[in-house]
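Shown next, in structure tokens, is the structure this report addresses.
There are 2 protein chains.
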Amino acid sequence: MMTSMTHPPFAVTVDLVLMTVTADRLTVLLQRRTAEPFSGLLALPGGFVGVDEPLDAAARRVLADKAAFAQGEGAWLEQLYTFGDPSRDPRMRTVSVAYFALLPAEELAAAVSAAEDLTLAPVMDLPPALAFDHAAIIAAAHDRLKGKLDYAPLALALLPERFTLRDLQAVHEAITGKSLNKPAFRRRMIDTGWIEPTGERETATSFRPAELYRRKP
Amino acid sequence: MMTSMTHPPFAVTVDLVLMTVTADRLTVLLQRRTAEPFSGLLALPGGFVGVDEPLDAAARRVLADKAAFAQGEGAWLEQLYTFGDPSRDPRMRTVSVAYFALLPAEELAAAVSAAEDLTLAPVMDLPPALAFDHAAIIAAAHDRLKGKLDYAPLALALLPERFTLRDLQAVHEAITGKSLNKPAFRRRMIDTGWIEPTGERETATSFRPAELYRRKP
DNA sequence: GTGCATATATCTAATTTGCATATAAGCAGT
DNA sequence: ACTGCTTATATGCAAATTAGATATATGCAC
Numbered sequence: 166m167m168t169s170m171t172h173p174p175f176a177v178t179v180d181l182v183l184m185t186v187t188a189d190r191l192t193v194l195l196q197r198r199t200a201e202p203f204s205g206l207l208a209l210p211g212g213f214v215g216v217d218e219p220l221d222a223a224a225r226r227v228l229a230d231k232a233a234f235a236q237g238e239g240a241w242l243e244q245l246y247t248f249g250d251p252s253r254d255p256r257m258r259t260v261s262v263a264y265f266a267l268l269p270a271e272e273l274a275a276a277v278s279a280a281e282d283l284t285l286a287p288v289m290d291l292p293p294a295l296a297f298d299h300a301a302i303i304a305a306a307h308d309r310l311k312g313k314l315d316y317a318p319l320a321l322a323l324l325p326e327r328f329t330l331r332d333l334q335a336v337h338e339a340i341t342g343k344s345l346n347k348p349a350f351r352r353r354m355i356d357t358g359w360i361e362p363t364g365e366r367e368t369a370t371s372f373r374p375a376e377l378y379r380r381k382p
Numbered sequence: 166m167m168t169s170m171t172h173p174p175f176a177v178t179v180d181l182v183l184m185t186v187t188a189d190r191l192t193v194l195l196q197r198r199t200a201e202p203f204s205g206l207l208a209l210p211g212g213f214v215g216v217d218e219p220l221d222a223a224a225r226r227v228l229a230d231k232a233a234f235a236q237g238e239g240a241w242l243e244q245l246y247t248f249g250d251p252s253r254d255p256r257m258r259t260v261s262v263a264y265f266a267l268l269p270a271e272e273l274a275a276a277v278s279a280a281e282d283l284t285l286a287p288v289m290d291l292p293p294a295l296a297f298d299h300a301a302i303i304a305a306a307h308d309r310l311k312g313k314l315d316y317a318p319l320a321l322a323l324l325p326e327r328f329t330l331r332d333l334q335a336v337h338e339a340i341t342g343k344s345l346n347k348p349a350f351r352r353r354m355i356d357t358g359w360i361e362p363t364g365e366r367e368t369a370t371s372f373r374p375a376e377l378y379r380r381k382p
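Pasting the structure below:
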């Protein structure tokens, strides 16, 4: 590994913005720090990138570790933005490649309640102080999520395999903070071609049960 | 500067995808390499990030250097994506933060013809072999450009201060490769609120001169 | 002035979208 | 079984947006 004056050495990390929707609220996974700097504050989960590890693989490793499931399969994962301000980490010059992940709440709940240091914080109402520049990273992730919602099947990554159109609308409303017109939303979603009806219906409702949909392959 | 087994040292570079439109073609600035690896091939201009240099500043430095104008003011510049595959640079583990820049052809022409090693290559018809993963980076930049064209005033960054609606349409068509309906395009652009008429008209046409528009502040 | 090329304005049909209404389906109580 | 309640789903219509075609305007060359 060669470094020199013209190739100054950097530490490269990945930070993971793992979002989910529970109780109609968009939340982000945060981890309580125990070490300096920012000890005691909440931070995004992350880690150093290995010498021979691709960036995506590092992000997937962090995801699999925190979400406690193999390889983070099925989760939405995409690179978000790279933060490299010289002052962002007081210890050393660090460049952090932020990744953006989505997971259904059910698949995350067990891992979060099992780990002492993990919490889900509502994105619309974050703790006043977060470690590093993580508040800015979360804001960037929320912007990306809102921006892509209508062009990519992001919301489906936040729902279980089978879901009703009401569930889907609740996810959209939790992300944007705006309430939507029901028939228009239904039409728009069906027209995207991202979902298909299963023929099954939800159970244990005290009213007419809605049809269950699933992602199209 | 602390590095260790758990903080392996990386080289961090910026690569610049500087695009412009000349003769109704979208082109990208490339530089002929004289050193190994990939000596003799064309590559994106780039450079190592300084120890105390913010990423954006490094990109602006490369831009100002190649485009030969102070600080790259006025040019559109945004971070694109970060490429960090372990095999992307045979010399060492390098992470490259790619930036995406737009400049009017007039402001670039002098610098390009003055420099022996710089060329503008058409994006739709790139040389078959480029250095490193630069073909993929250019493809990502082109995708970003196409994707944002309707939501952000990107095309205006490719035009001089005063331009006709015909010029603006030509830029859109060069980027997307699709021809557009003229009245619809005109209406759409005026409705964005990004531009305003100057009251002046183009000169030296052999037909009815079009009104000159400019960016709104 | 006439002809030519292109700019700009106007008009109409088609599509999309928002909203309101009507009907359907399940459950709980009587 | 019937009534009432709640929500799902289908249908209908008006408003807004968009695409395309057509008509008119304006400069220059001859």
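These protein sequence lines are chains A and B, in that order. Numbering-wise (the numbering used here), the first sequence opens with residue 166 and increments by one. Numbering-wise (the numbering used here), the second sequence opens with residue 166 and increments by one. Note that the Cβ used here is the ideal one computed from N, Cα and C, for glycine as well.
Among the residues facing chain A, B:G205 is not included, as its CB has no counterpart in that chain under 7 angstroms away. For the pair B:W359 and B:T187, the Cα-to-Cα distance works out to about 22 angstroms. According to the DSSP assignment, A:E271 belongs to the alpha helix (DSSP H) that extends over 270-279. In terms of Cα proximity to A:G212, the closest of A:G239, A:V182, A:A375, A:D189 is A:V182. Buried is the label assigned to A:F297, since at least 16 other Cβ atoms lie within 10 Å of its Cβ. Between the alpha carbons of A:M184 and B:S261 lies a gap of roughly 27 angstroms. In its chain, beyond the 5 residues on either side, P269, E271 have a beta carbon closer than 7 angstroms to the beta carbon of B:P325.
Contact annotation: A:L267 and A:V277 have beta-carbon atoms that are not nearer than 7 angstroms. Taking a Cβ-Cβ threshold of 7 angstroms, the residues of chain B close to A:Y246 are Q244, in chain order.
DSSP places B:T341 inside the alpha helix (DSSP H), whose first and last residues are 330-341. For A:M354, the enclosing alpha helix (DSSP H) begins and ends at 347-357. Taken in chain order, the unbroken stretches of alpha helix (DSSP H) that lie wholly in the stretch 288-333 of chain A and span 4 residues or more are 299-313. Ranked by how close their Cα comes to the Cα of B:L291, the residues B:A280, B:H307, B:E281, B:D282 have B:H307 in first place. In the DSSP assignment, A:V186 falls within the unbroken beta strand (DSSP E) covering 175-187. Beta-bridge analysis with DSSP links B:R366 to B:E376. Taken in chain order, the whole beta strand (DSSP E) runs of length 3 or more contained in the stretch 199-265 of chain B are 211-213, 241-248. Within chain B, no residue has its beta carbon less than 7 angstroms from that of A:H307; the closest one is some 17 angstroms off. In this structure A:I302 touches A:F248 by the C-beta definition: roughly 6 angstroms separates them, less than 8 angstroms. The CB of A:G211 never comes closer than 8 angstroms to any CB in chain B; the least such distance is about 13 angstroms. With a beta-carbon spacing of about 21 angstroms, B:L195 and B:A176 fall beyond the 8 angstroms limit used to define contacts. Against chain B, a Cβ distance below 9 angstroms from A:A266 picks out nothing, because the smallest value is about 16 angstroms. A:H337 is outside the set of residues whose beta carbon lies under 7 angstroms from a beta carbon in chain B.
For A:S344, same chain residues with a beta-carbon under 7 angstroms away, outside a window of 5 residues either side, are E338 in chain order. With respect to A:R190, A:P251 sits apart: the two C-beta atoms are not nearer than 7 angstroms. When CB distances to chain B are screened at a threshold of 7 angstroms, the residues of the stretch 174-197 of chain A falling below it are P174, F175, A176, V177, in chain order. When A:R226, A:E201, A:F203 are compared, the shortest CA-CA separation from A:D180 is found for A:R226.
Around B:H299, the same chain offers A208, L209 as residues with beta carbons nearer than 6 angstroms, after the five sequence neighbours per side are excluded. Using beta-carbon distances, B:V262 counts as an interface residue toward chain A, with a partner under 7 angstroms. For A:R331, the closest of A:A305, A:Y316, A:R366, A:K313 by C-alpha to C-alpha distance is A:R366. B:L206 and A:R198 have their C-alpha atoms roughly 47 angstroms apart. The shortest C-alpha to C-alpha distance from B:Q244 to any of B:T178, B:A275, B:D254 is the one to B:T178.
Taking C-beta separations shorter than 6 angstroms and ignoring five residues to either side along the sequence, the partners of B:A223 in its chain run V179, V214, following chain order. When the Cα atoms are used, A:L283 and B:M289 turn out to be separated by approximately 48 angstroms.
Not one beta carbon of chain A lies nearer than 7 angstroms to the beta carbon of B:P255.
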